[in-house]
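Scroll down for the structure; my scribbles are underneath it.
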Amino acid sequence: MNIIYRKCFVVVISAFSFFVTTSVNAGIPFFSEKDVPSLAPMLEEATPAVVSIAVEGTQTARQQQVPEMFRYFFGNPQQQERERPFKGLGSGVIIDAKKGYVVTNNHVVDNADKILVKLTDGRELEAEKLGADAQSDIALLKVPAEDLAELPLANSDAIRVGDFVVAIGNPFGLSQTVTSGIVSALGRSGLNIGGYEDFIQTDAAINRGNSGGALVNLRGELVGINTAIFGPNGGNVGIGFAIPSNMMKSLIDQIIEFGEVRRGLLGIQGQDLDAGLAEAMNSPTNKAAFVNEVTKDSAAEKAGIQSGDIITGINDNEISSFSELRGKVGSLGAGTEVKLNILRNGEELTLNVVLGAAEDLIAEAKEIHPALEGATFENTEKNNVGAVLVTEVIERSPAARIGLRTDDVIVGVNRRRVGSVSELTSRIEDSEGVIALNVQRGNSSLFIIIR
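Read in order, the letters of the sequence shown correspond to residues -26 to -1, 1 to 425 in mature numbering (1 follows the signal peptide of the UniProt record, and there is no 0).
Structure below.
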């Protein structure tokens, strides 16, 4: 038993020595004045760049006018819209001290009429919202102040599972709370948090109010924007998610230039490459993105991508799923040139693709029917049958007003099956009068009526 304890003690000391040595070699002042190992020197530099955000606004709540018990007599009840005030708290990160740019989550400031930013030195500043992207949950604010601190950006593509990270934010309204942990996983997607997901997973404690705060490495560089937690009661269970800094920067650069995100589009339909499909395609890897279909006249077709290709990486960074590929492409702007690493019939290829504009699909949605303006569609499969996936719905657009939501799957029009965007178009064109879209939302089925 003593031998076991001794071995464990030696392993812990060795790991700690490596941890400290690596930090010192990186130029981090890892010891305090009393020669006690501490993150305090790094945090003293980093925490002034993390702010508290308080918001006020109104949101629309729909209320049934006819009680449920009388539906049999009166049919489907009409709904009355009422505006209700709300308040909220979150966090933000100063990324440009000279220009006063603060990054946070879109859900922190969404529908806010007033945004108040509180700095660590006690100053309270009213912020201007420059732009936001609901699908990636990013928003950019600007504050009118001088003498601000900022966080330098890390290359999030270079981080690895096991790297030490620190989360800084304001959970439950408690200012400047710091927690530490490691990177637990990379490229997390399929969480139904947003339309474009490529999250860093960490076990650093993240709770409500941390949203929009910073995930930093031991150099005090911004690795990601804390966004979501995974827990049965909304509390920390050691699984938190952050938007990678590279993804954030690409989106913010678009907001700064255009006032909005002008998302790029590859133009393929596909799925995750699993072990069975990898064996059928004679692929040496079983973690990648498999191309089922290439959209005609798309950026992918122009670059030479073919159905059956296996995409293993983008810009020399490996990907493990189709969702991860979609998340990375979706954060890049239209016209961006990317390099895709591809396996085709066992041969490794590299193709350069200039991304198309997702706005073209939004325009197509408007042409299908005016009520669909603001929605973006993609061909998909539901229960191994073709369908239409709603990949994005712009806030307050006609599509949003009729009730369409991101990740809805349209499977029919007026009880006639649709298996693609082109079929959706033709079904609507052939319809007269009221149009009923048969929509699958999660495990539920519903009809959305267009009059």
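Even glycine gets a Cβ: it sits at the ideal position worked out from N, Cα and C.
Remember, it's a predicted structure, so these values are computed and weren't measured experimentally.
Rounded straight-line distance, which links the Cα of R379 to that of T75: Start at 1 with the first residue of the sequence shown, and residue 75 comes out as number 101. Start at 1 with the first residue of the sequence shown, and residue 379 comes out as number 405. As written in the sequence, residue 75 is Tyr, which differs from the Thr given in the question. So the two alpha carbons sit approximately 30 Å from each other.
Those runs of the beta strand (DSSP E) which lie wholly inside the region 116 to 171 and span at least 3 residues: 138 to 143 and 151 to 162
DSSP state of A178 mapped onto helix, strand, coil: One-based indexing of the sequence shown puts residue 178 at position 204. Reduced to three states, the DSSP call for A178 is coil.
Distance CB(N260)-CB(D248) smaller than 8 Å: Taking the sequence shown and counting its residues from 1, the one referred to as residue 260 is at position 286. Taking the sequence shown and counting its residues from 1, the one referred to as residue 248 is at position 274. Taking 8 Å as the Cβ cut-off, N260 and D248 qualify as a contacting pair.
Buried/exposed call for I199, threshold 16 Cβ in 10 Å: Looking up residue 199 in the sequence shown gives position 225. When all chains shown are included, I199 counts as buried.
Whether V395 touches N326 by CB criterion (8 Å): Here residue 395 refers to the residue found at position 421 of the sequence shown. Here residue 326 refers to the residue found at position 352 of the sequence shown. Against a cut-off of 8 Å, the Cβ pair of N326 and V395 comes out as no contact.
Whole-angstrom distance between S371 and A273, CA atom to CA atom: Locating residue 273 in the sequence shown gives position 299, counting from the first residue. Locating residue 371 in the sequence shown gives position 397, counting from the first residue. Straight-line Cα distance between these residues: approximately 27 Å.
Three-state secondary structure assigned by DSSP to P218: Here residue 218 refers to the residue found at position 244 of the sequence shown. Here P218 sits in strand by DSSP.
C-alpha gap between N129 and K116, whole angstroms: Counted from its first residue, the sequence shown places residue 129 at position 155. Counted from its first residue, the sequence shown places residue 116 at position 142. One C-alpha to the other measures close to 24 Å.
Cβ pair residue 451, Y170 closer than 8 Å: This structure cannot speak to residue 451, because the chain is shown only from -26 to 425.
Runs of beta strand (DSSP E) lying entirely within the region 252 to 320, each at least 3 residues, in chain order: 263 to 268, 284 to 288 and 311 to 318
Classification of I424 by the beta-carbon crowding that lies within 10 angstroms, buried from 16 upward: By one-based count along the sequence shown, residue 424 stands at place 450. Buried is the call here.
G238 and L306 closer than 8 Å at C-beta: Within the sequence shown, numbered from 1, the residue matching residue 238 stands at position 264. Within the sequence shown, numbered from 1, the residue matching residue 306 stands at position 332. Cβ atoms of G238 and L306: closer than 8 Å.
Backbone secondary structure at I422 - three-state DSSP: Sequence index remark: in the sequence shown, residue 422 carries index 448 (1-based). Correct three-state label for I422: strand.
Residue range of the beta strand (DSSP E) that includes A202: Counting from one through the sequence shown, the residue named residue 202 turns up at place 228. Where A202 is concerned, the enclosing beta strand (DSSP E) stretches over L196 to I203.
Nonlocal neighbours in the same chain, by C-beta distance under 6 Å from R415, ignoring five residues either side: Stepping through the sequence shown from its first residue, residue 415 is reached at position 441. Result list for R415: D382, in chain order.
Contact the region 220 to 229 vs the region 146 to 165: 3+ CB pairs below 8 Å: no
Helix, strand or coil at S65 according to DSSP, with G and I counted as helix: As a working mapping, residue 65 is identified with position 91 in the sequence shown. Here S65 sits in strand by DSSP.
According to DSSP, residues forming a beta bridge with V235: The count along the sequence shown starts at 1 and reaches residue 235 at position 261. Answer is none; V235 lacks a bridge partner.
Per-residue DSSP class, three states only, for G386: Stepping through the sequence shown from its first residue, residue 386 is reached at position 412. G386 falls in the strand class under three-state DSSP.
Pair within 8 Å by beta-carbon distance, A141 and I180: Your numbering for residue 141 matches position 167 in the sequence shown. Your numbering for residue 180 matches position 206 in the sequence shown. In this structure, I180 lies closer than 8 Å to A141 by Cβ.
Same chain only: Cβ atoms within 7 Å of L299, ignoring 5 sequence neighbours per side: Counting from 1 along the sequence shown, the entry for residue 299 is found at position 325. The answer, listed in chain order, is A263, I285, I288 and I293.
Residue burial classification, residue 428 (beta-carbon count within 10 angstroms, cutoff 16): Here the chain covers residues -26 to 425 and nothing more, so residue 428 does not appear.
Whole-angstrom C-beta distance between K73 and I89, which should lie under 8 Å: Position 115 of the sequence shown, counted from the start, is the residue given in the question as residue 89. Position 99 of the sequence shown, counted from the start, is the residue given in the question as residue 73. Wrong, their Cβ atoms sit about 17 Å apart, outside the cutoff.
A374 - containing alpha helix (DSSP H), residue span: Here residue 374 refers to the residue found at position 400 of the sequence shown. Where A374 is concerned, the enclosing alpha helix (DSSP H) stretches over P372 to I376.
Cα-Cα separation, L346 to R390: Position 372 of the sequence shown, counting from 1, holds the residue named residue 346. Position 416 of the sequence shown, counting from 1, holds the residue named residue 390. For L346 and R390, the distance between alpha carbons rounds to 18 Å.
Same chain, Cβ closer than 6 Å to P59, neighbours up to 5 away in sequence not counted: Along the sequence shown, read from residue 1 onward, the residue named residue 59 stands at position 85. Closer than 6 Å at Cβ, skipping near neighbours: T32.
Cβ-Cβ distance between V82 and G64 below 8 Å: For the purposes of this step, residue 82 is identified with residue 108 of the sequence shown, where counting begins at 1. For the purposes of this step, residue 64 is identified with residue 90 of the sequence shown, where counting begins at 1. Cβ distance < 8 Å, so V82 and G64 count as in contact.
Alpha-carbon spacing of A331 relative to L240, whole angstroms: Here the question's residue 331 lines up with position 357 in the sequence shown. Here the question's residue 240 lines up with position 266 in the sequence shown. Roughly 9 Å between the two C-alpha positions.
Enclosing alpha helix (DSSP H) for I402 [first to last residue]: Translated into the one-based positions of the sequence shown, residue 402 becomes position 428. First-last of the alpha helix (DSSP H) with I402: V395 to D404.
L99: first and last residue of the uninterrupted beta strand (DSSP E) it sits in: Counting from 1 along the sequence shown, the entry for residue 99 is found at position 125. Taken as a continuous stretch (DSSP letters only), the beta strand (DSSP E) holding L99 covers E98 to E100.
Identity of the residues DSSP links to N353 by a beta bridge: Working through the sequence shown from its first residue, we reach residue 353 at position 379. In DSSP, N353 forms a bridge with V362.
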